[in-house]
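From first to last, the protein sequence lines are chains U and G. In this text, residue positions in the first sequence follow the working numbering: the first is 141, and each later residue adds one. In this text, residue positions in the second sequence follow the working numbering: the first is 141, and each later residue adds one. Let me begin by presenting the structure, written as structure tokens, before commenting on it.
2 protein chains.
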Amino acid sequence: MELQQLRYFVTVAELGNFTRAAEKCYVSQPSLSQQIIKLEKEIGHPLIERLGRRLRLTSAGEIFYERASNILRAVEETQHLVNASYTLENKKIRLGAIPTIAPFLIPPLLKKLFQAHPDAEITFKEMTTDQTMQDCKAGDLDLAFLSLPLQEELLDVEPLFSEELFLAVSPRHKLLKKKRVTSKDLQDESFILLSEAHCLGQQIVSFCQHHHYSPRVNCESAQLATVQELVGLGMGISLVPEMAKNNDKSKRIKYLSLSGVKPTRTIVLVTHPQRYQSNLVKEFIANIKEWCPLDDSI
Amino acid sequence: MELQQLRYFVTVAELGNFTRAAEKCYVSQPSLSQQIIKLEKEIGHPLIERLGRRLRLTSAGEIFYERASNILRAVEETQHLVNASYTLENKKIRLGAIPTIAPFLIPPLLKKLFQAHPDAEITFKEMTTDQTMQDCKAGDLDLAFLSLPLQEELLDVEPLFSEELFLAVSPRHKLLKKKRVTSKDLQDESFILLSEAHCLGQQIVSFCQHHHYSPRVNCESAQLATVQELVGLGMGISLVPEMAKNNDKSKRIKYLSLSGVKPTRTIVLVTHPQRYQSNLVKEFIANIKEWCPLDDSI
DNA sequence: TAACATCGATAGGAAATAACTATGGAACTA
DNA sequence: TAGTTCCATAGTTATTTCCTATCGATGTTA
Chain U
141 MELQQLRYFV TVAELGNFTR AAEKCYVSQP SLSQQIIKLE KEIGHPLIER
191 LGRRLRLTSA GEIFYERASN ILRAVEETQH LVNASYTLEN KKIRLGAIPT
241 IAPFLIPPLL KKLFQAHPDA EITFKEMTTD QTMQDCKAGD LDLAFLSLPL
291 QEELLDVEPL FSEELFLAVS PRHKLLKKKR VTSKDLQDES FILLSEAHCL
341 GQQIVSFCQH HHYSPRVNCE SAQLATVQEL VGLGMGISLV PEMAKNNDKS
391 KRIKYLSLSG VKPTRTIVLV THPQRYQSNL VKEFIANIKE WCPLDDSI
Chain G
141 MELQQLRYFV TVAELGNFTR AAEKCYVSQP SLSQQIIKLE KEIGHPLIER
191 LGRRLRLTSA GEIFYERASN ILRAVEETQH LVNASYTLEN KKIRLGAIPT
241 IAPFLIPPLL KKLFQAHPDA EITFKEMTTD QTMQDCKAGD LDLAFLSLPL
291 QEELLDVEPL FSEELFLAVS PRHKLLKKKR VTSKDLQDES FILLSEAHCL
341 GQQIVSFCQH HHYSPRVNCE SAQLATVQEL VGLGMGISLV PEMAKNNDKS
391 KRIKYLSLSG VKPTRTIVLV THPQRYQSNL VKEFIANIKE WCPLDDSI
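Here is the structure:
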């Protein structure tokens with residue numbers, strides 16, 4: 141059974157005439173006749189009685205007509221629905237970010253997004269770098285914010301900006317007395333780091349290794365806010381991204397810019413190169429690139 | 141858009157895999173791919189995102205999937221419904237008869253029909269000969285009972301039986317005193333006939349003409365019962381079919397069998413030669429031929 | 001890291017299907 | 001009776017669908 145046959149049959153049923161139905165369907169009358177005959181054979185029952193010149197639907201034909209016209213209406217509606225869904229599709233954005241970026245970068249971005257598109261539907265997912273990249277690859281995310289380094293060749297990775305990692309110490313910390321603090325001064329300090337799964341922790345460890353010492357890890361936390369609280373209580377020091385420093389309105393922590401080679405991290409925008417991007421996603425990505433202070437990079 | 145494309149698409153959506161979908165649809169994978177691509181072109185939006193090896197429905201695709209699977213379900217149901225309608229069709233019989241036959245022949249026939257098929261759905265229509273034949277030709281009746289003569293070459297006309305027309309007179313009528321009443325004795329009588337539209341009236345007129353006299357038409361009625369009432373009141377005489385005579389349990393009328401050439405009428409079964417006949421209609425017709433007292437014919 | 005396996009898209013030719021023209025026969029009309 | 005209208009059939013052409021073979025990309029495994 142094919143839709144064309146239904147279209148032919150419904151037209152015949154409505155016009156009560158093969159010839160005029162054929163005209164309306166823009167086919168020759170024999171073509172239409174054959175398709176109707178074929179349809180009747182497949183159904184297994186005659187649908188139209190040919191009584192001399194007059195046509196008449198059998199009771200099977202009447203039932204079939206009801207159903208067929210409903211089906212054709214459903215098909216038409218489907219086309220319209222899909223067209224409408226294009227608008228809907230344009231309203232959806234699925235974001236991902238790691239926890240050390242999310243609370244500082246996502247809220248202002250979403251605020252701007254909502255100003256421009258009050259009807260946008262945002263889904264946001266905070267995960268580790270690995271999980272986020274997996275979701276990106278699977279198409280569950282339209283875009284994600286991560287931090288370098290990444291070993292990922294299949295996804296599009298576009299650097300947005302770099303930011304300094306500031307030394308976070310408690311207000312009474314002895315390092316505050318020094319004029320210049322370099323990485324070497326940190327050698328004997330207790331570091332408070334995020335858990336290993338989070339890249340910021342790894343980044344700090346690798347920064348330390350680069351300067352030929354290991355941080356004395358005292359405490360691991362999943363949240364930067366927790367780290368900041370612990371630092372504020374004098375339980376250790378940490379390296380905190382600039383966005384976290386700027387976001388910290390409490391005065392319980394002092395932030396120092398290290399002298400010499402400053403530790404930094406680079407925030408990147410990750411997308412799937414093959415995935416279809418709705419206009420809203422495209423626009424959002426373009427705006428992100430505009431908004432993000434690339435020139436602030438150190 | 142064609143149903144085959146919907147079948148392909150729904151299968152892919154459900155299996156999440158072109159190759160296995162192609163196997164399930166018993167086509168090669170390229171064939172299925174092409175049809176999906178064609179479908180997407182016609183819809184105007186991508187329905188399936190190909191992300192590496194993984195597949196993913198776009199939001200348009202999800203909406204389309206919902207609709208498509210509903211449509212396919214509707215198509216399947218339609219086939220079942222039509223099959224079921226065959227049973228329904230088998231329960232319908234549409235009968236037609238002229239008024240001078242209907243009250244005597246139809247009730248006993250329906251009684252027997254209901255005994256054999258308690259769930260049968262009968263539609264009965266009492267009309268003039270012309271109207272009945274027109275309905276037969278249009279397919280609005282499955283079968284009809286009429287009386288000869290008929291000028292109709294397009295319909296099937298099958299004689300069922302012939303019956304005598306009895307002379308109906310009031311109990312005090314002078315003709316009752318005669319031992320033998322012939323058509324010549326009727327020459328001066330007042331005839332009560334059905335209106336011209338009814339064939340029994342015409343038949344009586346033609347019977348009289350055949351015997352070289354005209355009935356002195358006094359009164360015309362549309363119903364045989366009315367005629368019988370009038371005869372009973374002594375307002376005239378009439379010729380009444382045997383079935384009407386047998387049906388008349390009141391003793392207000394005396395019926396005489398004419399001597400010599402007896403007037404008769406022949407009851408026929410009329411059907412449309414091209415029309416589809418359900419099993420019930422076929423069986424009913426076969427039973428009618430069995431039941432009807434063909435051997436009673438004069 | 002290289003070899004292998006899997007998957008969807010593409011190309012080109014073969015098969016199947018639906019289209020057309022021409023025509024026939026039945027059924028109504030004038 | 002002649003003419004017209006209508007649906008079905010026959011034969012052919014055109015289109016569409018399908019198939020095989022193959023490519024390129026993506027994961028997986030040795």
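We put the beta carbon where it would ideally sit given N, CA and C, even for glycine. Bear in mind that the values here come from a model prediction, so they are computed numbers and not experimental data.
- With the rule of 3 Cβ pairs closer than 8 Å, the segment 149-166 of chain G counts as touching the segment 187-207 of chain G.
- Chain-order list of chain U residues neighbouring PHE204 (chain G): THR218 and VAL222, by C-beta distance under 7 Å.
- For ARG207 (chain U), the nearest beta carbon of chain G is closer than 7 Å to its own beta carbon.
- Chain G places a beta carbon closer than 7 Å to that of HIS185 (chain U), counting this residue as a contact.
- A Cβ-Cβ contact shorter than 7 Å links SER287 (chain G) with ILE407 (chain G).
- Annotated as distal: ILE332 (chain G) and GLY279 (chain G), with beta-carbon spacing of 7 Å or more.
- DSSP places ALA242 (chain U) inside the alpha helix (DSSP H), whose first and last residues are 242-256.
- Considering only G:SER378, G:ALA284 and G:LYS252, the residue with the shortest C-alpha distance to PHE264 (chain G) is G:ALA284.
- Between the C-alpha atoms of MET383 (chain G) and VAL222 (chain G) there is a straight-line separation of about 42 Å.
- Bounds of the alpha helix (DSSP H) holding PRO170 (chain G) are 169-183.
- If you keep only unbroken alpha helix (DSSP H) runs of at least 4 residues inside the segment 265-291 of chain U, you get 269-278.
- Residue-level contact check: ILE211 (chain G) touches chain U, since one or more beta carbons of chain U fall below 7 Å from its beta carbon.
- Distance from the CA of THR269 (chain G) to the CA of ALA237 (chain G), rounded to the nearest whole angstrom, comes to 8 Å.
- For LEU281 (chain U), not one C-beta of chain G is nearer than 7 Å to its own C-beta.
- Nearest neighbour of PHE254 (chain U) by Cα position, chosen from U:ASP325, U:LYS429, U:GLU266 and U:LEU420, turns out to be U:LEU420.
- Counting C-beta pairs closer than 8 Å gives three or more between the segment 391-403 of chain U and the segment 305-316 of chain U, which meets the contact rule.
- For SER199 (chain G), the residues of chain U that pass the 8 Å Cβ criterion are SER225, LEU228, GLU229 and LYS232, in the order they occur in the chain.
- Ranked by Cα distance from VAL152 (chain G), the first of G:ILE176, G:PRO403 and G:ALA242 is G:ILE176.
- Only buried fits SER378 (chain U), as 16 or more other CB atoms lie within 10 angstroms of its CB.
- Nearest neighbour of PRO381 (chain U) by Cα position, chosen from U:ALA242, U:SER418, U:THR411 and U:GLU266, turns out to be U:ALA242.
- Look at SER330 (chain U) here: in three-state DSSP terms it is strand.
- Residue-level contact check: TYR148 (chain U) does not touch chain G, since none of the beta carbons of chain G fall below 7 Å from its beta carbon.
- Within chain G, no residue has its beta carbon less than 8 Å from that of LEU290 (chain U); the closest one is some 18 Å off.
- The Cβ-Cβ distance between ALA208 (chain U) and VAL150 (chain U) falls below 7 Å.
- Here LYS389 (chain U) carries a coil assignment [DSSP, helix/strand/coil].
- With respect to ASP282 (chain G), ARG320 (chain G) sits apart: the two C-beta atoms are not nearer than 7 Å.
- The Cβ of TYR395 (chain U) sits no closer than 7 Å to any Cβ of chain G.
- Using beta-carbon distances, ARG320 (chain G) does not count as an interface residue toward chain U, since no partner is under 7 Å.
- Contact annotation: GLN145 (chain G) and LEU187 (chain G) have beta-carbon atoms that are not nearer than 7 Å.
- Each of G:SER418, G:SER225 and G:LYS252 was checked against the Cα of PHE204 (chain U), and the nearest Cα belongs to G:SER225.
- Not a single CB atom of chain U sits nearer than 7 Å to the CB of TYR166 (chain G).
- For LEU249 (chain G), the number of other beta carbons within 10 angstroms of its own is at least 16, and it is reported as buried.
- In the structure shown, the three-state DSSP call for ALA237 (chain G) is strand.
- Sequence-distant partners of GLN363 (chain U) (beyond 5 residues in either direction) whose C-beta falls short of 7 Å from its own C-beta, in its chain, are PRO239.
- In the three-state reduction of the DSSP assignment, ALA214 (chain G) falls in the helix class.
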